[in-house]
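Using UniProt numbering, you'd call the opening residue of the sequence shown number 1 and step up by one each time.
All C-beta atoms, glycine included, are put in the ideal place defined by N, C-alpha and C.
In this text the structure is predicted, and so the values were computed from the model without any measurement.
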Amino acid sequence: MGRGKLEIKKIENKTNRQVTFSKTRNGILKKAQELTVLCDAKVSLLMISSTHKLHHFLSPGVSLKKMYDEYQKIEGVDLWHKHWERMQEQQRKLLELNNMLRTEISRRIGGDLEGLTLLELRGLQQEMEEAITEIRNRKYHVIKNQTGTTRKKVKNLEERHGDLLMDLEAKFRGAHFGIGDGEQRNYGGASMYGNERAAANLFALSRHPH
């Protein structure tokens, strides 16, 4: 039996579709290379898979731009004209927007006010007042956050200061309780009675830090 005719339609199975594309792509690239060598032809081949991967072949010594230029010359068409027109239109719109923004900035610092109607001047004044209000609200918000952060830091420092005083007071009191009746102990030449006086001073400082 002869080989059945293959129906040309989209392969629904994704894996089979990718395998078929890979095999067929290699065959087409090989034929393009053969045409270049055997027939001295200039070949430009572009392929984009369903996974958005680009595959291409160009005859040696030929660039894609040269192929487009030669195609335009032979066919008598201009592939770049519409693209150039779109770029020109986009440039014109950007220039208009730039000029408009420059004018608005200038008016907000007191320039380019000639020719404005009373209604336009009132509108400009309202916009500036709204901008000032927004800036003022933002400033107060930043100040509030900074003040809250500073207060939190001060509170943490005060708590650490209090903890240190309590630790020192506890240590000196412990030393005081360790002294026997009428006994004076020396540690490295330092009198425990001196420690008692220092403890009393620290205790007073903790009660009256300022």
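- In the structure shown, the three-state DSSP call for H83 is helix.
- R17 sits away from S44, with the two beta carbons spaced by 8 angstroms or more.
- Taking 3 residues as the shortest admissible run, the UniProt domain "MADS-box" (1–61) contains the following complete beta strand (DSSP E) segments, listed from N- to C-terminal end: 44–48, 54–58.
- In terms of Cα proximity to R25, the closest of H161, L54, Q88 is L54.
- Per the coordinates, the alpha-carbon of Q126 lies some 32 angstroms from the alpha-carbon of Q91.
- Under the 10 Å beta carbon count, S63 is surrounded by fewer than 16 other beta carbons and is classified as exposed.
- The straight-line gap separating the alpha-carbon atoms of K65 and W80 is approximately 11 angstroms.
- By the neighbour-count definition (other C-beta atoms within 10 Å, threshold 16), S22 is an exposed residue.
- Here the alpha carbons of Y68 and T36 stand approximately 17 angstroms from one another.
- Secondary structure note for I74: its alpha helix (DSSP H) is the uninterrupted segment 64–75.
- Taking a C-beta distance under 8 angstroms as the contact criterion, L113 and R107 qualify as a contact pair.
- Annotation: the region 78–142 contains the following complete segments of the alpha helix (DSSP H) (minimum length 4 residues), in chain order: 81–108.
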